[in-house]
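Below: one structure, written as structure tokens.
There are 2 protein chains.
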Amino acid sequence: MTKETLTRLFQSTNLVSLSTAIQITDRFEYKFIPKNQFQLTAGKICNEYLFLEKGYMRAFAHDTEGNEVTTGFCSSGQMTFEVSSFFNRTRSMENIQALNDCEGWYITYQQLNNLFHTLPEFREFGRSVLVEGYAGLKTRMLSMITETAEERYEQLFKTSPGIFQHAPLKTIASYLGITDTSLSRIRKELARKH
Amino acid sequence: MTKETLTRLFQSTNLVSLSTAIQITDRFEYKFIPKNQFQLTAGKICNEYLFLEKGYMRAFAHDTEGNEVTTGFCSSGQMTFEVSSFFNRTRSMENIQALNDCEGWYITYQQLNNLFHTLPEFREFGRSVLVEGYAGLKTRMLSMITETAEERYEQLFKTSPGIFQHAPLKTIASYLGITDTSLSRIRKELARKH
DNA sequence: TTCATTTCTTGTCATTTGGCAAGATTACCA
DNA sequence: TGGTAATCTTGCCAAATGACAAGAAATGAA
Numbered sequence: 000m001t002k003e004t005l006t007r008l009f010q011s012t013n014l015v016s017l018s019t020a021i022q023i024t025d026r027f028e029y030k031f032i033p034k035n036q037f038q039l040t041a042g043k044i045c046n047e048y049l050f051l052e053k054g055y056m057r058a059f060a061h062d063t064e065g066n067e068v069t070t071g072f073c074s075s076g077q078m079t080f081e082v083s084s085f086f087n088r089t090r091s092m093e094n095i096q097a098l099n100d101c102e103g104w105y106i107t108y109q110q111l112n113n114l115f116h117t118l119p120e121f122r123e124f125g126r127s128v129l130v131e132g133y134a135g136l137k138t139r140m141l142s143m144i145t146e147t148a149e150e151r152y153e154q155l156f157k158t159s160p161g162i163f164q165h166a167p168l169k170t171i172a173s174y175l176g177i178t179d180t181s182l183s184r185i186r187k188e189l190a191r192k193h
Numbered sequence: 000m001t002k003e004t005l006t007r008l009f010q011s012t013n014l015v016s017l018s019t020a021i022q023i024t025d026r027f028e029y030k031f032i033p034k035n036q037f038q039l040t041a042g043k044i045c046n047e048y049l050f051l052e053k054g055y056m057r058a059f060a061h062d063t064e065g066n067e068v069t070t071g072f073c074s075s076g077q078m079t080f081e082v083s084s085f086f087n088r089t090r091s092m093e094n095i096q097a098l099n100d101c102e103g104w105y106i107t108y109q110q111l112n113n114l115f116h117t118l119p120e121f122r123e124f125g126r127s128v129l130v131e132g133y134a135g136l137k138t139r140m141l142s143m144i145t146e147t148a149e150e151r152y153e154q155l156f157k158t159s160p161g162i163f164q165h166a167p168l169k170t171i172a173s174y175l176g177i178t179d180t181s182l183s184r185i186r187k188e189l190a191r192k193h
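If you read the sequences in order, they're chains A and B.
Take numbering that gives the first Met the number 0: the last position of the first sequence gets the number 193, and nothing is skipped along the way.
Take numbering that gives the first Met the number 0: the last position of the second sequence gets the number 193, and nothing is skipped along the way.
Printed below as a string of structure tokens:
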């Protein structure tokens, strides 16, 4: 496994030159996260800025009744960390767990800040990660308001089919804002249609 | 009207010293936005980083059927701009409109970047604005999944009672992810309870 | 393999919410 | 002030979704 994908990520934003991308990449360390292992546990301060190279992860919180609520999925190519906990240095409300064997590259909070300090271009990358995350959340928010559960399901299936091979329906259902029972019925209905 | 509130905002984060806060504040210019006027129109690139000192604004988009969907409210003390359009320099999908006469202080994208460049502490402030926005969206997302419309209504009423004096129910309903009819019934039910 | 556990589906019924339309109330403007 | 439009409420019924429970299917471990 090489760091090539990571270097390409930094370059792909057009915010960072090749030589800078290589400098940044140098500071990241390899990490293997076996299936079901937690990358982050609620109550801890998120301290790793992780690039997920391979595999799928899910982020989840607990509602007031103690039920798991999937707050997000991460798949290869994405930065995987809990924004609020990582930057504010506060205890995470969320868990991040590997859905299958995962591989990636990470740096710590301290190292990230060092890089931000020494490589101004990298700050731009960091900002773009935040802005992308923000935009993604807003899109999902809008889909919760304007789309039916069935439409949200189809959208997720179209954009992230791999998740369905690794996460149980219950997990996907709570991400979509419905129960697993409803999701099962939606699938039945869609199977009838197609 | 003085810039005092603005200076205090920069200081309050503890990321910026008083002298820096004053330097930053100096670059902001006063703006009056009369009721119903648009601070940002869909299709335009958001170019103003606005601190809302007084008044209420709403951000809204249009769904595929052309209905207005309230994506957010802004009240005094908050930075008011469309994150994605502003930082990515892309056309905004959203409108931002004054719900009543508003006053605030703004700088342009170019000026913001100049400040980010000359005052590293201000970058920290900029990042914290993004992180706060991200966390706020995630909280709202979670409430869409785990709470009933009635609970979301009560929560909004508790945290932002002022909005109810300035936005019509239809606007608030779409923010909560329900129709104005349902919101009206929820209000009736709550009135019965209390 | 075999057994236990988890996951998924399905049935029944209740609850929530929406769509539509009518009427009441309020706000705004000429 | 009067009139028009916007807003809010309400009734009726349909559709979507949830709660609960039972059973089927798949998974994983000994």
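No residue lacks a Cβ here, since even glycine has one placed at the ideal position from N, Cα and C.
query	result
Counting only Cβ pairs nearer than 8 Å, list the residues of chain B close to residue 136 of chain A.	133, 136, 137 and 140
Counting only the same chain and skipping the five closest in sequence on each side, list residues whose C-beta sits under 8 Å from that of residue 181 of chain A.	148 and 172
What first and last residue would you give for the beta strand (DSSP E) that runs through residue 103 of chain B?	101-107
Is there at least one Cβ from chain A nearer than 8 Å to residue 179 of chain B's Cβ?	no
Under the three-state reduction of DSSP, which class applies to residue 176 of chain B: helix, strand or coil?	coil
Going by Cα to Cα distance, which pick from B:79, B:118, B:55 and B:46 is closest to residue 25 of chain B?	B:118
Determine the burial state of residue 91 of chain B: buried for a count of at least 16 other Cβ atoms within 10 Å of its Cβ, exposed for fewer.	buried
Please decide whether residue 194 of chain B counts as near chain A, where near means a Cβ-Cβ distance under 8 Å.	For residue 194 of chain B there is no data in the structure shown, the boundaries of chain B being 0 and 193.
Which residues does DSSP list as the beta-bridge partners of residue 71 of chain A?	A:58
Which term fits residue 93 of chain B, buried or exposed, when burial requires 16 or more other beta carbons within 10 angstroms of its beta carbon?	buried
Could you spell out the range, first to last residue, of the beta strand (DSSP E) harbouring residue 199 of chain B?	Outside the shown range of chain B (0 to 193) lies residue 199 of chain B, about which nothing can therefore be said.
Quick one: list the residues of chain A neighbouring residue 145 of chain B, beta-carbon separation under 7 Å, in chain order.	62 and 68
Using only the alpha-carbon positions, how far apart do residue 141 of chain B and residue 69 of chain A sit?	9 Å
For residue 32 of chain A, tell me which candidate among A:189, A:48 and A:53 has the shortest Cα-Cα distance.	A:53
Under a three-way DSSP split, which group does residue 4 of chain B fall into?	helix
Under a Cβ-count criterion, where at least 16 other Cβ atoms within 10 Å of its own Cβ denotes burial, should residue 65 of chain A be classed as buried or exposed?	exposed
Counting only the same chain and skipping the five closest in sequence on each side, list residues whose C-beta sits under 8 Å from that of residue 261 of chain A.	This structure cannot settle anything about residue 261 of chain A, because the visible part of chain A is limited to 0 through 193.
Contact criterion: CB-CB distance below 8 Å. Does residue 87 of chain B meet it with respect to chain A?	yes
Hey, would you say residue 120 of chain A sits closer than 8 Å to residue 14 of chain A, going by beta carbons?	yes
Is DSSP giving residue 41 of chain B helix, strand or coil here?	coil
Reducing DSSP to helix, strand and coil, say where residue 86 of chain B ends up.	helix
Could you give the DSSP three-state label for residue 34 of chain B: helix, strand or coil?	coil
Could you tell me which chain A residues have their CB closer than 9 Å to the CB of residue 198 of chain B, listed as they occur along the chain?	This structure does not reach residue 198 of chain B, given that chain B is present from 0 up to 193, and the question cannot be answered.
State the DSSP-derived secondary structure class of residue 28 of chain A, mapped to helix, strand or coil.	strand
Quick one: what does DSSP say residue 66 of chain B is sitting in, helix, strand or coil?	coil
What separation, rounded to the nearest whole angstrom, lies between the Cα atoms of residue 168 of chain B and residue 186 of chain B?	10 Å
Please check if any C-beta of chain A sits within less than 8 Å of the C-beta of residue 15 of chain B.	no
When you compare each of B:49, B:81 and B:107 to residue 42 of chain B by their alpha carbons, which one comes out closest?	B:81
Can you tell me whether residue 77 of chain A is helix, strand or coil according to DSSP?	coil
Given that residue 11 of chain A touches chain B, what residues does it touch there, using C-beta distances under 9 Å?	Neighbours of residue 11 of chain A on chain B: none; closest Cβ ~14 Å, over 9 Å.
Just curious, the beta strand (DSSP E) that residue 149 of chain A is in, first and last residue?	That residue, residue 149 of chain A, is in no beta strand (DSSP E); its alpha helix (DSSP H) goes 148-158.
Tell me which residue opens and which closes the beta strand (DSSP E) that residue 47 of chain B is part of.	47-53
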